Amino acid sequence: MTPTVSNPFSDPFIDQLRAQRQNVIELTSGRRLALPASVGFCHGVRHAVQLLADTVAAAQQQDIWLLGAMIHNPAVNDYFVKQGVKMLDDHDLDTVFTRAKATDIFVIPAFGLDCELDERLRAFAQSLGQIVDSTCPFVRRVWQAVEQAATTGAAIVIHGKPGHQETTGIWTRAAKVAPAVAIVPSPAAAHQLLDALPPTTPGAAYPPAWLVNADRLPHCDWMLVNQTTMLCSETEEIATILANAGSKHHGAFTMANTLCNATRARQAEAEKLCAQTCEVILVLGGINSSNTTQLYRLAAKHTTTYYLQSPDDLDSHAVRHYLPNEQQWRDSSHWLPPPPATIGILVGASCPDSEIAALIRKLQACA
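Just so you know, we're using numbering that gives the first Met the number 0 here: the sequence shown kicks off at 0 and counts up by one.
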(Lines of atoms letter the chains of each structure in order from A and count residues from 1; the text may use other names and numbers.)
(Lines give C-alpha, C1' and ligand atoms only; values in the text may rest on other atoms or scores of the structure.)
Protein backbone atom coordinates (compact mmCIF):
# COMPACT_ATOMS: atom_id res chain seq x y z
CA MET A 1 0.00 0.00 0.00
CA THR A 2 1.40 3.39 -1.04
CA PRO A 3 1.25 5.86 1.88
CA THR A 4 -1.73 8.19 1.52
CA VAL A 5 -1.32 10.23 4.71
CA SER A 6 1.71 11.68 6.43
CA ASN A 7 3.12 9.98 9.50
CA PRO A 8 1.07 11.37 12.41
CA PHE A 9 4.01 10.88 14.79
CA SER A 10 6.77 12.64 12.85
CA ASP A 11 8.53 15.67 14.31
CA PRO A 12 10.65 18.20 12.36
CA PHE A 13 13.13 18.58 15.22
CA ILE A 14 13.94 14.84 15.21
CA ASP A 15 14.07 14.88 11.40
CA GLN A 16 16.66 17.66 11.65
CA LEU A 17 18.75 15.71 14.18
CA ARG A 18 18.81 12.74 11.81
CA ALA A 19 19.68 14.86 8.79
CA GLN A 20 22.56 16.50 10.65
CA ARG A 21 23.57 13.24 12.33
CA GLN A 22 23.54 15.16 15.58
CA ASN A 23 23.91 12.88 18.59
CA VAL A 24 24.85 15.46 21.23
CA ILE A 25 22.71 18.40 22.34
CA GLU A 26 24.31 21.08 24.50
CA LEU A 27 22.01 22.57 27.14
CA THR A 28 22.23 26.16 28.44
CA SER A 29 22.79 24.79 31.95
CA GLY A 30 26.12 23.29 30.88
CA ARG A 31 24.72 19.78 30.81
CA ARG A 32 24.41 17.87 27.57
CA LEU A 33 22.20 15.16 26.09
CA ALA A 34 23.71 12.15 24.30
CA LEU A 35 21.67 10.00 21.90
CA PRO A 36 22.52 6.90 19.86
CA ALA A 37 22.74 7.06 16.09
CA SER A 38 19.28 5.53 15.61
CA VAL A 39 16.15 6.69 17.39
CA GLY A 40 12.44 6.36 16.67
CA PHE A 41 10.47 3.70 14.85
CA CYS A 42 12.30 0.76 13.31
CA HIS A 43 11.26 -0.19 9.77
CA GLY A 44 8.74 -2.81 10.88
CA VAL A 45 6.98 -0.48 13.32
CA ARG A 46 7.03 2.43 10.86
CA HIS A 47 5.45 0.22 8.19
CA ALA A 48 2.76 -1.08 10.57
CA VAL A 49 1.83 2.38 11.84
CA GLN A 50 1.69 3.77 8.30
CA LEU A 51 -0.57 0.91 7.20
CA LEU A 52 -3.01 1.63 10.00
CA ALA A 53 -2.95 5.39 9.36
CA ASP A 54 -3.66 4.81 5.67
CA THR A 55 -6.42 2.33 6.53
CA VAL A 56 -8.13 4.85 8.80
CA ALA A 57 -7.93 7.51 6.08
CA ALA A 58 -9.35 5.19 3.41
CA ALA A 59 -12.13 3.53 5.42
CA GLN A 60 -15.65 4.20 4.12
CA GLN A 61 -18.19 3.85 6.92
CA GLN A 62 -16.59 0.55 7.93
CA ASP A 63 -15.56 -0.32 11.46
CA ILE A 64 -11.83 -0.96 11.84
CA TRP A 65 -10.92 -3.70 14.32
CA LEU A 66 -7.36 -3.84 15.64
CA LEU A 67 -6.65 -7.30 17.04
CA GLY A 68 -4.54 -6.33 20.03
CA ALA A 69 -2.17 -3.43 20.59
CA MET A 70 -0.65 -2.23 17.31
CA ILE A 71 2.70 -1.85 19.04
CA HIS A 72 3.72 -1.57 22.68
CA ASN A 73 3.46 2.19 22.99
CA PRO A 74 0.41 3.76 24.66
CA ALA A 75 0.76 7.11 22.85
CA VAL A 76 0.47 5.38 19.47
CA ASN A 77 -2.37 3.05 20.47
CA ASP A 78 -4.32 5.85 22.14
CA TYR A 79 -4.00 8.00 19.02
CA PHE A 80 -5.63 5.37 16.83
CA VAL A 81 -8.38 4.64 19.35
CA LYS A 82 -9.24 8.35 19.27
CA GLN A 83 -9.38 8.05 15.48
CA GLY A 84 -12.18 5.51 15.90
CA VAL A 85 -10.21 2.27 15.66
CA LYS A 86 -11.72 -0.47 17.83
CA MET A 87 -8.69 -1.94 19.60
CA LEU A 88 -9.37 -5.28 21.26
CA ASP A 89 -7.60 -6.31 24.44
CA ASP A 90 -5.20 -9.20 23.97
CA HIS A 91 -7.41 -11.38 26.19
CA ASP A 92 -10.58 -10.59 24.19
CA LEU A 93 -9.46 -11.18 20.62
CA ASP A 94 -11.95 -14.01 20.13
CA THR A 95 -14.82 -11.58 20.66
CA VAL A 96 -14.17 -10.06 17.25
CA PHE A 97 -16.16 -12.93 15.71
CA THR A 98 -19.30 -12.01 17.65
CA ARG A 99 -18.89 -8.23 17.68
CA ALA A 100 -17.74 -7.49 14.14
CA LYS A 101 -19.35 -7.87 10.74
CA ALA A 102 -17.60 -9.88 8.04
CA THR A 103 -17.56 -6.72 5.91
CA ASP A 104 -15.61 -4.73 8.52
CA ILE A 105 -11.87 -4.10 8.28
CA PHE A 106 -9.52 -6.19 10.42
CA VAL A 107 -5.97 -5.11 11.24
CA ILE A 108 -3.33 -7.62 12.33
CA PRO A 109 -0.76 -5.85 14.55
CA ALA A 110 3.00 -5.81 14.04
CA PHE A 111 3.49 -8.84 16.33
CA GLY A 112 1.23 -11.04 14.17
CA LEU A 113 -1.48 -13.32 15.54
CA ASP A 114 -1.42 -16.81 16.97
CA CYS A 115 -1.87 -19.44 14.28
CA GLU A 116 -5.44 -20.51 15.10
CA LEU A 117 -6.77 -16.97 15.40
CA ASP A 118 -5.11 -15.99 12.14
CA GLU A 119 -6.79 -18.90 10.33
CA ARG A 120 -10.19 -18.13 11.88
CA LEU A 121 -9.93 -14.48 10.91
CA ARG A 122 -9.15 -15.27 7.28
CA ALA A 123 -12.14 -17.62 7.16
CA PHE A 124 -14.43 -15.07 8.84
CA ALA A 125 -13.69 -11.99 6.76
CA GLN A 126 -15.84 -11.59 3.67
CA SER A 127 -12.68 -11.25 1.58
CA LEU A 128 -8.95 -11.18 2.21
CA GLY A 129 -9.11 -7.55 1.13
CA GLN A 130 -10.85 -6.81 4.45
CA ILE A 131 -7.67 -7.84 6.30
CA VAL A 132 -4.78 -5.41 6.73
CA ASP A 133 -1.78 -7.48 7.80
CA SER A 134 0.96 -5.36 9.37
CA THR A 135 3.01 -8.28 10.72
CA CYS A 136 6.69 -7.31 10.83
CA PRO A 137 8.74 -8.99 8.06
CA PHE A 138 11.30 -10.11 10.64
CA VAL A 139 8.56 -11.87 12.61
CA ARG A 140 7.50 -13.66 9.44
CA ARG A 141 11.11 -14.72 8.94
CA VAL A 142 10.98 -16.51 12.31
CA TRP A 143 7.80 -18.32 11.25
CA GLN A 144 9.49 -19.42 8.01
CA ALA A 145 12.53 -20.71 9.92
CA VAL A 146 10.21 -22.74 12.17
CA GLU A 147 8.38 -24.29 9.23
CA GLN A 148 11.61 -25.16 7.40
CA ALA A 149 13.19 -26.72 10.50
CA ALA A 150 10.06 -28.74 11.23
CA THR A 151 10.18 -30.35 7.78
CA THR A 152 13.48 -31.94 8.82
CA GLY A 153 12.00 -33.25 12.08
CA ALA A 154 13.75 -30.71 14.30
CA ALA A 155 12.32 -29.55 17.61
CA ILE A 156 11.98 -25.79 18.05
CA VAL A 157 13.48 -23.92 20.99
CA ILE A 158 12.22 -20.34 21.27
CA HIS A 159 14.15 -17.63 23.09
CA GLY A 160 11.22 -15.43 24.00
CA LYS A 161 9.03 -14.06 26.74
CA PRO A 162 6.15 -16.43 27.56
CA GLY A 163 2.83 -14.71 26.92
CA HIS A 164 4.26 -12.03 24.63
CA GLN A 165 2.18 -11.77 21.44
CA GLU A 166 5.14 -12.42 19.18
CA THR A 167 6.31 -15.45 21.15
CA THR A 168 2.75 -16.81 21.20
CA GLY A 169 2.62 -16.50 17.43
CA ILE A 170 5.89 -18.42 17.06
CA TRP A 171 4.85 -20.99 19.68
CA THR A 172 1.48 -21.81 18.07
CA ARG A 173 3.03 -22.25 14.64
CA ALA A 174 5.83 -24.42 16.01
CA ALA A 175 3.40 -26.57 18.01
CA LYS A 176 1.45 -27.25 14.82
CA VAL A 177 4.38 -28.55 12.75
CA ALA A 178 7.32 -29.50 15.01
CA PRO A 179 7.71 -32.74 17.01
CA ALA A 180 8.54 -30.79 20.20
CA VAL A 181 8.74 -27.17 21.33
CA ALA A 182 10.26 -25.34 24.29
CA ILE A 183 10.23 -21.69 25.29
CA VAL A 184 13.45 -20.53 26.97
CA PRO A 185 13.17 -16.95 28.26
CA SER A 186 16.73 -16.62 29.60
CA PRO A 187 20.13 -18.33 29.87
CA ALA A 188 19.17 -19.44 33.39
CA ALA A 189 16.08 -21.10 31.94
CA ALA A 190 18.26 -22.88 29.37
CA HIS A 191 20.25 -24.47 32.20
CA GLN A 192 16.97 -25.28 33.96
CA LEU A 193 15.65 -27.01 30.84
CA LEU A 194 18.75 -29.16 30.49
CA ASP A 195 18.61 -30.11 34.17
CA ALA A 196 15.02 -31.29 33.70
CA LEU A 197 15.86 -33.55 30.74
CA PRO A 198 16.92 -37.15 31.41
CA PRO A 199 19.10 -38.08 33.15
CA THR A 200 17.22 -35.59 35.33
CA THR A 201 19.15 -33.58 37.88
CA PRO A 202 17.60 -34.25 41.33
CA GLY A 203 14.94 -31.67 42.13
CA ALA A 204 14.99 -30.18 38.64
CA ALA A 205 11.75 -29.23 36.89
CA TYR A 206 10.66 -27.05 33.99
CA PRO A 207 7.33 -25.21 33.61
CA PRO A 208 5.00 -27.53 31.64
CA ALA A 209 3.32 -24.51 30.03
CA TRP A 210 6.59 -23.78 28.22
CA LEU A 211 6.84 -27.24 26.65
CA VAL A 212 5.18 -29.34 23.95
CA ASN A 213 6.06 -33.06 23.83
CA ALA A 214 8.97 -32.65 26.23
CA ASP A 215 9.71 -36.39 26.14
CA ARG A 216 10.79 -36.06 22.50
CA LEU A 217 13.28 -33.25 23.08
CA PRO A 218 16.35 -35.37 23.92
CA HIS A 219 16.06 -37.35 20.69
CA CYS A 220 15.31 -34.59 18.14
CA ASP A 221 17.61 -32.14 16.46
CA TRP A 222 17.14 -28.65 17.94
CA MET A 223 16.65 -25.38 16.11
CA LEU A 224 16.91 -22.20 18.20
CA VAL A 225 14.84 -19.22 17.07
CA ASN A 226 14.08 -16.04 18.96
CA GLN A 227 11.45 -13.43 19.58
CA THR A 228 12.96 -10.64 17.51
CA THR A 229 13.18 -8.11 20.36
CA MET A 230 15.14 -10.14 22.90
CA LEU A 231 18.67 -9.34 24.05
CA CYS A 232 20.94 -10.55 21.23
CA SER A 233 23.79 -11.45 23.58
CA GLU A 234 21.43 -13.66 25.60
CA THR A 235 20.22 -15.47 22.47
CA GLU A 236 23.84 -16.25 21.69
CA GLU A 237 24.49 -17.32 25.30
CA ILE A 238 21.50 -19.67 25.17
CA ALA A 239 22.82 -21.09 21.91
CA THR A 240 26.15 -21.88 23.57
CA ILE A 241 24.42 -23.57 26.52
CA LEU A 242 22.18 -25.73 24.33
CA ALA A 243 24.98 -26.60 21.90
CA ASN A 244 26.89 -28.07 24.84
CA ALA A 245 24.03 -30.13 26.28
CA GLY A 246 26.16 -33.28 26.38
CA SER A 247 24.26 -36.41 27.42
CA LYS A 248 21.01 -34.46 27.69
CA HIS A 249 20.68 -34.19 23.91
CA HIS A 250 21.37 -36.82 21.27
CA GLY A 251 20.69 -34.76 18.15
CA ALA A 252 22.24 -31.86 16.27
CA PHE A 253 21.88 -28.22 17.31
CA THR A 254 21.56 -25.22 15.02
CA MET A 255 20.67 -21.57 15.57
CA ALA A 256 18.46 -19.88 12.99
CA ASN A 257 19.41 -16.44 11.75
CA THR A 258 16.33 -14.75 13.21
CA LEU A 259 17.96 -11.94 15.18
CA CYS A 260 16.30 -8.71 13.99
CA ASN A 261 18.76 -6.35 12.28
CA ALA A 262 17.27 -3.29 13.97
CA THR A 263 17.32 -4.95 17.39
CA ARG A 264 20.95 -5.98 16.96
CA ALA A 265 22.02 -2.54 15.70
CA ARG A 266 20.20 -0.59 18.39
CA GLN A 267 21.53 -2.74 21.19
CA ALA A 268 25.06 -2.25 19.82
CA GLU A 269 24.49 1.52 19.67
CA ALA A 270 23.16 1.45 23.23
CA GLU A 271 26.29 -0.35 24.41
CA LYS A 272 28.40 2.29 22.67
CA LEU A 273 26.49 5.13 24.33
CA CYS A 274 26.68 3.43 27.73
CA ALA A 275 30.45 3.16 27.35
CA GLN A 276 30.61 6.96 27.41
CA THR A 277 30.57 8.82 30.69
CA CYS A 278 26.85 9.30 31.30
CA GLU A 279 25.92 10.30 34.83
CA VAL A 280 22.35 9.16 34.19
CA ILE A 281 20.49 7.44 31.35
CA LEU A 282 16.82 7.87 30.51
CA VAL A 283 15.13 5.04 28.60
CA LEU A 284 11.89 6.05 26.88
CA GLY A 285 9.22 3.63 25.66
CA GLY A 286 6.18 1.57 26.59
CA ILE A 287 6.61 -0.51 29.73
CA ASN A 288 5.28 -3.57 27.86
CA SER A 289 7.83 -3.08 25.09
CA SER A 290 10.31 -5.95 24.99
CA ASN A 291 12.96 -4.09 22.99
CA THR A 292 12.75 -1.08 25.32
CA THR A 293 13.10 -3.33 28.36
CA GLN A 294 16.29 -4.81 26.87
CA LEU A 295 17.72 -1.30 26.41
CA TYR A 296 16.97 -0.59 30.07
CA ARG A 297 18.71 -3.79 31.12
CA LEU A 298 21.79 -2.86 29.09
CA ALA A 299 21.95 0.67 30.48
CA ALA A 300 21.29 -0.31 34.10
CA LYS A 301 24.53 -2.32 34.09
CA HIS A 302 26.51 0.88 33.50
CA THR A 303 24.96 3.75 35.44
CA THR A 304 21.84 5.12 37.13
CA THR A 305 19.01 4.45 34.69
CA TYR A 306 15.36 5.51 34.67
CA TYR A 307 12.70 3.83 32.51
CA LEU A 308 10.09 6.39 31.39
CA GLN A 309 6.87 5.64 29.55
CA SER A 310 6.17 9.29 28.80
CA PRO A 311 8.01 12.63 28.88
CA ASP A 312 5.46 13.60 31.53
CA ASP A 313 7.16 11.16 33.92
CA LEU A 314 9.84 13.68 34.90
CA ASP A 315 10.55 17.26 35.83
CA SER A 316 13.63 18.95 37.26
CA HIS A 317 12.88 17.73 40.79
CA ALA A 318 11.56 14.18 40.47
CA VAL A 319 11.17 11.28 38.09
CA ARG A 320 8.50 8.59 38.01
CA HIS A 321 10.12 5.48 36.58
CA TYR A 322 9.33 1.83 35.97
CA LEU A 323 11.26 -1.12 37.40
CA PRO A 324 10.82 -4.07 34.98
CA ASN A 325 12.11 -6.77 37.34
CA GLU A 326 9.78 -5.70 40.13
CA GLN A 327 7.00 -4.72 37.68
CA GLN A 328 6.27 -1.60 39.69
CA TRP A 329 6.61 2.17 39.48
CA ARG A 330 8.81 4.25 41.74
CA ASP A 331 9.17 7.98 42.38
CA SER A 332 12.72 9.29 42.83
CA SER A 333 13.72 12.83 43.74
CA HIS A 334 16.97 14.71 43.08
CA TRP A 335 17.53 12.68 39.92
CA LEU A 336 19.19 15.48 37.94
CA PRO A 337 23.01 15.51 38.26
CA PRO A 338 24.77 18.90 38.40
CA PRO A 339 26.54 20.42 35.36
CA PRO A 340 28.53 19.49 33.36
CA ALA A 341 26.75 16.13 33.48
CA THR A 342 25.88 14.05 30.42
CA ILE A 343 22.35 12.64 30.27
CA GLY A 344 22.06 9.66 27.94
CA ILE A 345 18.78 8.98 26.14
CA LEU A 346 17.84 5.55 24.79
CA VAL A 347 14.59 5.07 22.92
CA GLY A 348 12.58 1.94 22.12
CA ALA A 349 11.94 1.04 18.48
CA SER A 350 8.21 1.53 19.06
CA CYS A 351 8.60 5.05 20.50
CA PRO A 352 7.40 7.80 18.11
CA ASP A 353 9.43 10.86 17.17
CA SER A 354 6.80 13.08 18.76
CA GLU A 355 7.50 11.55 22.18
CA ILE A 356 11.28 11.77 21.74
CA ALA A 357 11.04 15.43 20.79
CA ALA A 358 8.77 16.13 23.77
CA LEU A 359 11.31 14.55 26.13
CA ILE A 360 14.20 16.56 24.67
CA ARG A 361 12.22 19.80 24.92
CA LYS A 362 11.32 18.95 28.50
CA LEU A 363 14.99 18.45 29.32
CA GLN A 364 15.99 21.64 27.52
CA ALA A 365 13.53 23.49 29.75
CA CYS A 366 14.28 21.84 33.09
CA ALA A 367 17.83 20.51 32.85
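Note that CB positions come from ideal geometry on N, CA and C, so glycine has one too.
Small disclaimer: the values here were computed from a predicted structure and weren't measured.
* Asked: Quick one: is H248 buried, meaning 16 or more other Cβ sit within 10 Å of its Cβ, or exposed?
  -> buried
* To do: Quick one: grab the DSSP three-state call for T292.
  => T292 carries a helical assignment under DSSP once its states are collapsed to helix, strand and coil.
* Asked: By the 10 Å Cβ neighbour count, where 16 or more other Cβ atoms means buried, how is P197 classified, buried or exposed?
  -> exposed
* **Nearest neighbour of Q293, chosen from V55, M86, V106, K160 [CA to CA]** => K160
* Find the nearest neighbour of H46 within the set S232, C365, D10, F110, judged by alpha-carbon distance. => F110
* Asked: Quick one: is N290 buried, meaning 16 or more other Cβ sit within 10 Å of its Cβ, or exposed?
  -> buried
* **Completely contained beta strand (DSSP E) runs for the region 182-235, where each covers 3 or more residues** => 221-225
* L32 versus V282, A187, A255, residue with shortest Cα-Cα distance -> V282
* How about F252 and W221: do their beta carbons lie closer than 7 Å? -> yes
* To do: Taking only runs that begin and end inside the region 94-137, name each unbroken alpha helix (DSSP H) of 4 or more residues, in chain order.
  => 95-98, 114-123
* Asked: Who are Y154's beta bridge partners in DSSP?
  -> According to the sequence as given, residue 154 is Ala; it is not Tyr. Per DSSP, W221.
* Asked: On the three-pair Cβ rule with 8 Å, is the region 149-160 touching the region 174-182?
  -> yes
* Asked: Should C365 go down as buried or exposed, given a rule of 16 or more other Cβ atoms within 10 Å for buried?
  -> exposed
* Beta-carbon separation (whole angstroms), Y295 vs P323, contact threshold 8 Å -> 6 Å
* Give me the Cβ distance between H158 and Q266, rounded to the nearest whole Å; I'm assuming they're in contact under 8 Å. => Going by Cβ atoms, the distance from H158 to Q266 rounds to 14 Å, so no, they are not a contact pair.
* Asked: When the Cα atoms are used, what is the spatial distance from G347 to G285?
  -> 8 Å
* In terms of DSSP beta bridges, what is D330 paired with? -> R319
* Could you pull out every residue in the same chain whose Cβ sits closer than 6 Å to the Cβ of A99, ignoring the five residues on either side in sequence? => Around A99: W64.
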